[in-house]
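Numbers given in the working numbering equal positions in the sequence shown, counted from 1, plus 169.
Down below is the structure, laid out as structure tokens.
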Amino acid sequence: MGTSEDTKPVVTNNRDLRVIFLDVGQGASQLIITPSGKTMLIDAGNNDKEQTMINYLHSYGVSRLDVVIGSHPDADHIGGLDRVIKELPIGKIYMPKIMSSTKTFESVLDAVASKNLKVKTAVTDIDIDLDNQVKVQLLAPVKTYDDTNNMCAVVKITYKNTSFLLTADAESKSEQDMITSHGSDLKSDVMLVGHHGSKSSTTARFLNAVKPKIAVIQVGENKYGHPTKPVLSRLNKQGIEVYRNDLNGTVEIDSDGSTLNVQKER
Numbered sequence: 170m171g172t173s174e175d176t177k178p179v180v181t182n183n184r185d186l187r188v189i190f191l192d193v194g195q196g197a198s199q200l201i202i203t204p205s206g207k208t209m210l211i212d213a214g215n216n217d218k219e220q221t222m223i224n225y226l227h228s229y230g231v232s233r234l235d236v237v238i239g240s241h242p243d244a245d246h247i248g249g250l251d252r253v254i255k256e257l258p259i260g261k262i263y264m265p266k267i268m269s270s271t272k273t274f275e276s277v278l279d280a281v282a283s284k285n286l287k288v289k290t291a292v293t294d295i296d297i298d299l300d301n302q303v304k305v306q307l308l309a310p311v312k313t314y315d316d317t318n319n320m321c322a323v324v325k326i327t328y329k330n331t332s333f334l335l336t337a338d339a340e341s342k343s344e345q346d347m348i349t350s351h352g353s354d355l356k357s358d359v360m361l362v363g364h365h366g367s368k369s370s371t372t373a374r375f376l377n378a379v380k381p382k383i384a385v386i387q388v389g390e391n392k393y394g395h396p397t398k399p400v401l402s403r404l405n406k407q408g409i410e411v412y413r414n415d416l417n418g419t420v421e422i423d424s425d426g427s428t429l430n431v432q433k434e435r
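Shown next as structure tokens:
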């Protein structure tokens, strides 16, 4: 598995699947570009990252998003989504069936309505049609939960012999239900560490089910103690290669279907 550094995004794609963990500070956003140039965006950072998100998308040569997923209503995940939806043509948008009275969430719904889009419900066992070479599955939410974090849309992306599990803010309840429902299907080469490395997520049992070689933590300066020592210790104990937005900037992991190549900003 090669590791190299690259600060300049490449706008044209080759035969690789590109999964880009955008540095949006204490928040989350993943941009996926398939070998045929199809695009998917999961989350878009906080409200103050709207222009940053637009700049990122332009720098990666993205002029349309085929699929958008808002993992759950938290501002640090969907804050920049309203601007993205307004500025770019969108194919389909998925969000879990959970309401919120926040201005941030309402702004996203207003943006969706202004483009005459219909939100599809993100729930377990849905296959998302993005690219015939790349399988995109929703593995959660498995059930209906009272809290927004466990209602997160969790996405698994498979390209030939490589796979990525993008967990948003899913916590231990959702993790346990995914283990019960999906078992060995959770196994993935790359995992986005749940809830920015909070101790409420990434249980030892879940890590044992996923067995990632690489973990990415989307984290910035914060008052919550993210990523927490127990989570970092669990990752370290399993010998997992860890990348963090606060230390490495934007992290891109490319797959040719068999080999993963990590590129980091710093």
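All residues carry an ideal CB built from backbone N, CA and C; glycine is no exception.
In whole angstroms, what separates the C-alpha of residue 331 from that of residue 251? Sequence index remark: in the sequence shown, residue 331 carries index 162 (1-based). Sequence index remark: in the sequence shown, residue 251 carries index 82 (1-based). When rounded, the distance between both Cα atoms is 32 angstroms.
What does the alpha-carbon distance come out to for the pair residue 374 and residue 285? Counted from its first residue, the sequence shown places residue 374 at position 205. Counted from its first residue, the sequence shown places residue 285 at position 116. Roughly 42 angstroms between the two C-alpha positions.
Take residue 185 as the anchor and find which of 319, 313, 191 and 205 has the nearest alpha-carbon. Within the sequence shown, residue 185 is the residue found at index 16, counting from 1. Closest option to residue 185, Cα to Cα, is 205.
Kindly list the residues whose CB is nearer than 6 angstroms to the CB of residue 436, restricted to its own chain and excluding five residues on each side of it in sequence; keep chain order. There is simply no residue 436 to check, as the chain begins at 170 and stops at 435 in what is shown.
Beta-carbon proximity of residue 248 to residue 213, cut-off 8 angstroms: Walking along the sequence shown from the start, residue 248 turns up at place 79. Walking along the sequence shown from the start, residue 213 turns up at place 44. A contact, by the Cβ cut-off of 8 angstroms.
Rounded C-beta distance between residue 426 and residue 304? I'm assuming under 8 angstroms. For the purposes of this step, residue 426 is taken as the residue at position 257 of the sequence shown. For the purposes of this step, residue 304 is taken as the residue at position 135 of the sequence shown. Wrong, their Cβ atoms sit about 12 angstroms apart, outside the cutoff.
Starting from residue 430, trace the beta strand (DSSP E) both ways and give me its first and last residue. Position 261 of the sequence shown, counting from 1, holds the residue named residue 430. Here the beta strand (DSSP E) through residue 430 covers 429-433.
Distance between residue 273 and residue 225 (C-alpha atoms, nearest Å): Numbered from 1 along the sequence shown, position 56 holds the residue referred to as residue 225. Numbered from 1 along the sequence shown, position 104 holds the residue referred to as residue 273. The straight-line gap from Cα to Cα measures roughly 21 angstroms.
Hey, is the stretch 385-392 in contact with the stretch 340-352, meaning 3+ C-beta pairs nearer than 8 angstroms? no
When 301, 244, 313 and 209 are compared against residue 218, the one with the closest alpha-carbon: Position 49 of the sequence shown, counting from 1, holds the residue named residue 218. Out of 301, 244, 313 and 209, 244 has the C-alpha closest to the C-alpha of residue 218.
First and last residue of the uninterrupted alpha helix (DSSP H) at residue 341: For the purposes of this step, residue 341 is taken as the residue at position 172 of the sequence shown. Segment 341-351, the alpha helix (DSSP H) holding residue 341.
Using the DSSP secondary-structure output, state which residues sit across from residue 360 in a beta bridge. The count along the sequence shown starts at 1 and reaches residue 360 at position 191. Paired residue(s): 334 and 384.
Buried or exposed: residue 282, going by 16 or more other Cβ atoms within 10 Å of its Cβ? Counted from its first residue, the sequence shown places residue 282 at position 113. Residue 282 should be labelled exposed.
Taking Cβ positions, are residue 338 and residue 276 nearer each other than 8 angstroms? Working through the sequence shown from its first residue, we reach residue 338 at position 169. Working through the sequence shown from its first residue, we reach residue 276 at position 107. Going by C-beta atoms, residue 338 is not nearer than 8 angstroms to residue 276.
Alpha carbon to alpha carbon, how far is residue 236 from residue 254? Give it in angstroms, no decimals. Looking up residue 254 in the sequence shown gives position 85. Looking up residue 236 in the sequence shown gives position 67. So the alpha carbons of these two residues sit roughly 11 angstroms apart.
Only counting the same chain, and skipping five residues up and downstream in sequence, which positions put a Cβ closer than 6 angstroms to that of residue 209? Here residue 209 corresponds to residue number 40 of the sequence shown, with the count starting at 1. Excluding sequence neighbours, residue 209 sits near 201, 236 and 299.
Would you tell me roughly how many angstroms separate the C-alpha atoms of residue 292 and residue 310, rounded to the nearest one? Here residue 292 corresponds to residue number 123 of the sequence shown, with the count starting at 1. Here residue 310 corresponds to residue number 141 of the sequence shown, with the count starting at 1. Whole-angstrom Cα-Cα distance: 5 angstroms.
Taking Cβ to Cβ, would you say residue 410 is nearer than 8 angstroms to residue 383? The residue given as residue 410 occupies position 241 in the sequence shown. The residue given as residue 383 occupies position 214 in the sequence shown. Cβ atoms of residue 410 and residue 383: closer than 8 angstroms.
Got a sec? Which residues, its chain only, sit under 8 angstroms from residue 216 by beta carbon, not counting five neighbours each side? Looking up residue 216 in the sequence shown gives position 47. Excluding positions up to five away in sequence, the list reads 244, 248, 249 and 273.
Where does residue 298 fall in DSSP's three states? Taking the first residue of the sequence shown as position 1, residue 298 is located at position 129. Three-state DSSP puts residue 298 in a strand.
Strand pairing of residue 305, partner residues [DSSP]: The sequence position of residue 305 within the sequence shown is 136, counting from 1. According to DSSP, residue 305 bridges with 297 and 326.
Just to confirm the assignment, what range does the beta strand (DSSP E) spanning residue 199 have? Sequence index remark: in the sequence shown, residue 199 carries index 30 (1-based). 199-202 is the span of the beta strand (DSSP E), which, as asked, contains residue 199.
Using three-state DSSP, classify residue 252 as helix, strand or coil. Taking the first residue of the sequence shown as 1, we reach residue 252 at position 83. DSSP places residue 252 in helix when its eight states are reduced to three.
Where DSSP assigns a beta bridge to residue 234, which residues make up the other side? Here residue 234 is taken as the residue at index 65 of the sequence shown, counted from 1. Partner(s): 259.
Can you tell me whether residue 422 is helix, strand or coil according to DSSP? For this step, residue 422 is matched to residue 253 along the sequence shown. Three-state DSSP puts residue 422 in a strand.
Just to confirm, are residue 295 and residue 307 a CB contact at a threshold of 8 angstroms? Taking the sequence shown and counting its residues from 1, one reaches residue 295 at position 126. Taking the sequence shown and counting its residues from 1, one reaches residue 307 at position 138. Yes; because the gap between Cβ atoms is below 8 angstroms, this pair is in contact.
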